[in-house]
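Enquirer: Right, I'll just put the structure down here and ask away after.
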């Protein structure tokens with residue numbers, strides 16, 4: 027049994043379907059339950075999504091959250107209040123859920139997730155990745171900005187393995203609300219800042235090239251002769267490709283080579299179910 031958490035509004039349903047398709051295709055032997063946390067997705071859209079998941083042989087559970095849960099939280103640019111819902115998931119998930127994998131909708135899954143999903147927490151609340159090429163440039167700045175001088179790094183929340191059992195016991199949601207209010211003028215990547223600001227010592231690091239590959243970096247790696255991270259290496263090793271930032275592969279303006287993964291799984295939505303491999 028694999029538990030997947032997604033939190034979004036109706037605008038992100040199309041890329042969510044692509045992400046889920048890629049997950050199902052590359053994990054044919056897993057029994058997946060998708061937990062959808064939202065506050066304003068129309069009932070018909072939820073029903074359509076549930077039918078899609080069920081047709082793929084899996085299950086969707088939707089959890090409607092009142093819109094006032096994070097009503098006063100900082101929201102700007104392309105971020106929405108739904109990004110915060112993962113921080114409150116332990117309050118809403120069924121008691122039998124002891125671990126869950128949160129995935130952003132702007133991700134594709136290109137290899138089996140089982141090894142990562144069953145990672146031992148070793149007493150940590152989360153397992154997540156830093157985006158390694160950016161660490162040296164941003165680590166010191168973020169430690170000063172968030173007041174976490176002893177932090178191991180600054181972790182991305184797009185792929186987040188969550189120890190729900192421990193969160194129920196030790197996570198104080200009021201502390202999250204206080205952090206948001208007291209630091210509202212410091213926040214740059216809001217929900218990510220909360221995770222790194224409050225739980226910097228409860229995060230177990232994971233390899234970003236395997237488990238949260240930022241698609242933007244591939245364009246940089248192509249410029250470095252004989253760099254080990256090439257397309258073949260990604261196809262054979264990477265599990266999650268994350269289309270971070272404003273430039274998204276479902277937009278016509280997206281020209282990066284990594285868009286081929288998104289386009290492939292998008293094309294499968296129009297075809298009969300099959301095990302996916304890239305041509």
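In my numbering, the protein residues as written are 27 to 305. Heads up, the beta-carbon is just placed ideally off N, CA and C, and yes, glycines get one too.
#1: Should residue 128 be labelled buried (16 or more other beta-carbon atoms within 10 Å of its own) or exposed?
#2: With distances taken between CB atoms, is the gap from residue 295 to residue 51 smaller than 8 angstroms?
#3: Whose C-alpha, out of 244, 273, 236, 274, is nearest the C-alpha of residue 142?
#4: Could you tell me which uninterrupted alpha helix (DSSP H) segments, each at least 4 residues in length, are contained entirely in the region 214-243, listed from first to last along the chain?
#5: So, are the CB atoms of residue 124 and residue 28 less than 8 angstroms apart?
#6: Would you mind giving the Cβ-Cβ distance between residue 49 and residue 89, rounded to the nearest angstrom? I have them listed as a contact below 8 angstroms.
#7: For residue 179, I'd like the list of residues in its chain whose CB is within less than 8 angstroms of its CB, leaving aside the five on either flank, ordered along the chain.
#8: Do you know offhand how far residue 70's Cα is from residue 170's?
#9: By the three-class DSSP mapping on this structure, what secondary structure does residue 260 have?
#10: Using beta-carbon positions only, say whether residue 288 and residue 134 come within less than 8 angstroms of one another.
#11: Taking the straight line between their C-alpha atoms, what separation do you get for residue 45 and residue 126?
#12: So residue 313 and residue 113 are in contact, right, with Cβ under 8 angstroms, and what is the actual spacing, rounded?
#13: For a test of the three-state rule: what should DSSP assign to residue 170, helix, strand or coil?
#14: Distance, Cα to Cα, residue 264 vs residue 244?
#15: Nearest-angstrom Cα distance between residue 87 and residue 132?
#16: Give me the Cα-Cα distance between residue 144 and residue 82, rounded to the nearest whole angstrom.
Expert: The structure says:
#1: buried
#2: Result no, Cβ atoms of residue 295 and residue 51 do not sit closer than 8 angstroms.
#3: 236
#4: Segments of the alpha helix (DSSP H) lying fully in the region 214-243: 216-224, 234-237.
#5: No. Outside cutoff.
#6: About 19 angstroms; that fails the 8 angstroms criterion.
#7: 156, 161, 165, 231
#8: 46 angstroms
#9: helix
#10: yes
#11: 16 angstroms
#12: The structure shown does not extend to residue 313, since the chain is modelled only from 27 to 305, so the question has no answer here.
#13: helix
#14: 12 angstroms
#15: 20 angstroms
#16: So the alpha carbons of these two residues sit roughly 23 angstroms apart.
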